[in-house]
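Below you'll find the structure, written out as structure tokens, and then a few comments.
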């Protein structure tokens with residue numbers, strides 16, 4: 539079992555930290571956090587729901603890789619070597635931007651540098667950056683040929699398991715070193731924006747679709763954490779960790795979850811997300827085995843701008859709950875749920891420069907219908 543150890547707040551760490559970083563563990567799970575330091579044997583970070591709280595540490599030997607919001611990454615190897623696209627580990631922790639362009643890593647272990655202009659269901663369309671720093675024209679790559687994309691603005695997306703991606707990034711480190719510095723003169727050419735620049739005055743169509751997809755991915759993540767929370771095959775500590783990770787997907791600890799009973803549909807209970815997940819853990823202990831599965835995840839209300847400047851949408855899911863005792867199914871129900879998703883803006887200061895950034899969070903969860911099966 540992986541242990542996160544509180545550290546003294548007076549411990550030294552490198553410079554500024556990012557607003558939201560990601561640590562990938564060897565089991566493929568990920569932790570959204572703020573990385574505040576990197577030592578020879580471990581990484582120090584803060585939990586997003588307690589940024590004023592203590593620092594935590596996790597041994598590098600238990601990690602695959604880490605991404606900063608600036609687009610820098612570090613891949614850890616058992617031989618003690620760190621593979622990174624940053625100038626140094628200090629630059630990684632200080633959140634110094636690493637990529638002048640989007641980096642696409644293919645299944646054939648090829649690194650493509652360019653500016654992604656559009657995205658369809660099957661492919662990415664991009665303006666390729668040649669090794670000599672000049673534009674090589676508009677090209678496309680099939681998504682089923684990709685392993686990962688590391689965007690110039692810090693986002694990243696995988697088309698394979700984190701273990702596969704980390705191995706690939708180690709294998710293409712030499713290629714990335716050739717393209718990361720950008721133009722030969724150290725400056726980035728200004729490229730003309732795509733014809734489809736804005737869909738709402740703030741985002742490109744590609745960015746907007748990426749945010750929508752991220753909301754669906756976070757919804758799927760929540761389903762996975764819920765299954766871990768009720769599983770009899772994990773320790774109580776692992777279940778509690780899943781609760782923390784699940785809460786981290788939400789806008790705040792104040793986000794609420796509506797609960798109904800298949801036998802009394804008129805009686806609705808509302809709990810805060812952490813309390814709901816703790817009750818779910820106790821419910822899992824009432825059975826020998828519990829299975830929670832989500833299906834038919836889709837938008838019922840697209841992202842629309844609210845009066846506060848944030849964007850709001852609704853994702854619907856169908857949840858199936860099954861409780862087993864002595865190998866027999868003793869209770870099951872299906873609940874149709876609506877999950878509010880929020881695209882929220884925030885500011886990050888890095889290197890004395892203030893950046894306006896956005897991220898997607900889950901918010902309140904309501905019940906449409908619960909029926910026993």
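Residue numbers (the numbering used here): 539 to 911.
Glycine is no exception: its CB is placed at the ideal position from the N, C-alpha and C atoms.
Given the structure is predicted, the values throughout are model-derived calculations rather than measurements.
Checklist entry - Counting only runs that start and end within the region 659-710, where is the beta strand (DSSP E) found for 3 or more residues in a row? => result Segments of the beta strand (DSSP E) lying fully in the region 659-710: 661-667, 673-680, 684-688, 694-696.
Checklist entry - For residue 574 versus residue 585, is the C-beta spacing smaller than 9 Å? => result Counting from one through the chain shown, the residue named residue 574 turns up at place 36. Counting from one through the chain shown, the residue named residue 585 turns up at place 47. Not a contact, by the Cβ cut-off of 9 Å.
Item to check | Among 674, 835, 703, nearest to residue 686 - alpha-carbon criterion | outcome: On the chain shown, residue 686 is found 148 positions in, with the first residue counted as 1. Checked all of 674, 835, 703; the closest Cα to residue 686 is 703.
Checklist entry - Between the C-alpha atoms of residue 801 and residue 842, what's the straight-line distance to the nearest angstrom? => result Reading the chain shown from its first residue, position 263 is the one you call residue 801. Reading the chain shown from its first residue, position 304 is the one you call residue 842. Using only the alpha carbons, I get a separation of about 36 Å.
Item to check | Secondary structure of residue 584, DSSP reduced to three states | outcome: Here residue 584 corresponds to residue number 46 of the chain shown, with the count starting at 1. The answer is strand: DSSP assigns residue 584 an E or B state.
Next on the checklist: If I measure Cβ to Cβ from residue 806 and keep anything under 8 Å in the same chain, skipping five residues before and after, which residues do I get?
Outcome noted: Locating residue 806 in the chain shown gives position 268, where the first residue counts as 1. Cβ neighbours of residue 806 within its own chain (closer than 8 Å, five residues either side excluded): 796, 797, 798, 905.
Item to check | Burial state of residue 675 (16 or more Cβ within 10 Å) | outcome: Numbered from 1 along the chain shown, position 137 holds the residue referred to as residue 675. With fewer than 16 other Cβ atoms within 10 Å, it is exposed.
Checklist entry - Are the Cβ atoms of residue 988 and residue 667 separated by less than 9 Å? => result Nothing can be reported for residue 988: it is not among the residues displayed for the chain, which extend from 539 to 911.
Item to check | Cβ-based neighbour list, residue 871, same chain, cut-off 7 Å, excluding 5 preceding and 5 following | outcome: Reading the chain shown from its first residue, position 333 is the one you call residue 871. Once the five neighbours on either side are set aside, the close Cβ partners of residue 871 are 800, 859, 908, 909, 910, 911.
Checklist entry - Can you list, in chain order, the stretches of the beta strand (DSSP E) that have 3 or more residues and sit fully within the region 589-627? => result Within the region 589-627, the complete beta strand (DSSP E) segments of 3 residues or longer fall at 593-597, 601-605, 611-614, 620-622, listed in chain order.
Item to check | Euclidean distance between Cα positions of residue 709 and residue 863 | outcome: Here the question's residue 709 lines up with position 171 in the chain shown. Here the question's residue 863 lines up with position 325 in the chain shown. Approximately 48 Å between the Cα atoms of the pair.
Item to check | Anticipated Cβ contact below 8 Å, residue 569 with residue 818, distance rounded | outcome: Residue mapping note: residue 569 aligns to position 31 of the chain shown, counting from 1. Residue mapping note: residue 818 aligns to position 280 of the chain shown, counting from 1. In this structure residue 569 does not touch residue 818 by the C-beta definition: roughly 21 Å separates them, more than the 8 Å allowed.
Next on the checklist: Quick check: the Cα distance between residue 713 and residue 682, rounded to an integer number of angstroms?
Outcome noted: One-based indexing of the chain shown puts residue 713 at position 175. One-based indexing of the chain shown puts residue 682 at position 144. Taking the straight line joining both Cα atoms gives about 21 Å.
Next on the checklist: If I follow the unbroken beta strand (DSSP E) through residue 861, where does it start and stop?
Outcome noted: Mapped onto the chain shown, residue 861 falls at position 323. Per DSSP, residue 861 belongs to the beta strand (DSSP E) from 849-863.
Next on the checklist: Along the chain, where does the alpha helix (DSSP H) containing residue 577 start, and where does it finish?
Outcome noted: One-based indexing of the chain shown puts residue 577 at position 39. In this chain, residue 577 is not harboured by any alpha helix (DSSP H), its DSSP state being neither H nor E.
Checklist entry - Considering residue 562, what are the terminal residues of the beta strand (DSSP E) in which it resides? => result Taking the first residue of the chain shown as 1, we reach residue 562 at position 24. Secondary structure note for residue 562: its beta strand (DSSP E) is the uninterrupted segment 559-563.
Item to check | Candidates 866, 846, 838: closest to residue 855 by CA position | outcome: Taking the chain shown and counting its residues from 1, the one referred to as residue 855 is at position 317. If we check each option's Cα against that of residue 855, 838 comes out closest.
Next on the checklist: Quick check on the burial criterion: 16 or more other C-beta atoms within 10 angstroms. Buried or exposed for residue 610?
Outcome noted: The residue you call residue 610 lines up with position 72 of the chain shown. Under a 10 Å Cβ-count criterion, residue 610 is classified as buried, with 16 or more other Cβ atoms of the shown protein chains found around its own Cβ.
Next on the checklist: Applying the 10 Å Cβ sphere with the 16-neighbour rule, what's the burial state of residue 594?
Outcome noted: Indexing the chain shown from 1 puts residue 594 at position 56. The residue is buried, with at least 16 neighbouring Cβ atoms inside 10 Å.
Checklist entry - Out of curiosity, what's the CA-to-CA distance linking residue 603 and residue 804? => result By one-based count along the chain shown, residue 603 stands at place 65. By one-based count along the chain shown, residue 804 stands at place 266. Rounded to whole angstroms, residue 603 to residue 804 spans 48 Å at the Cα level.
Checklist entry - Between 836, 751, 576, which lies nearest to residue 628 when the distance is taken from Cα to Cα? => result Stepping through the chain shown from its first residue, residue 628 is reached at position 90. Distance check between residue 628 and each of 836, 751, 576 places 576 closest, using alpha-carbon atoms only.
Checklist entry - Do the CB positions of residue 741 and residue 900 come within less than 9 Å of each other? => result Walking along the chain shown from the start, residue 741 turns up at place 203. Walking along the chain shown from the start, residue 900 turns up at place 362. When the beta-carbon positions are compared, residue 741 and residue 900 stay at least 9 Å from each other.
Next on the checklist: Looking at residue 780: is its Cβ nearer than 9 Å to the Cβ of residue 772?
Outcome noted: Walking along the chain shown from the start, residue 780 turns up at place 242. Walking along the chain shown from the start, residue 772 turns up at place 234. If you check the CB distance, residue 780 and residue 772 come in under 9 Å.
Checklist entry - When the Cα atoms are used, what is the spatial distance from residue 903 to residue 638? => result Position 365 of the chain shown, counted from the first residue, corresponds to residue 903. Position 100 of the chain shown, counted from the first residue, corresponds to residue 638. Approximately 39 Å, taken between the alpha carbons.
Checklist entry - By Cβ distance below 6 Å, which residues in the same chain neighbour residue 562 in space, the five residues on each side in sequence not counted? => result Within the chain shown, residue 562 is the residue found at index 24, counting from 1. Excluding positions up to five away in sequence, the list reads 568, 602, 603, 700.
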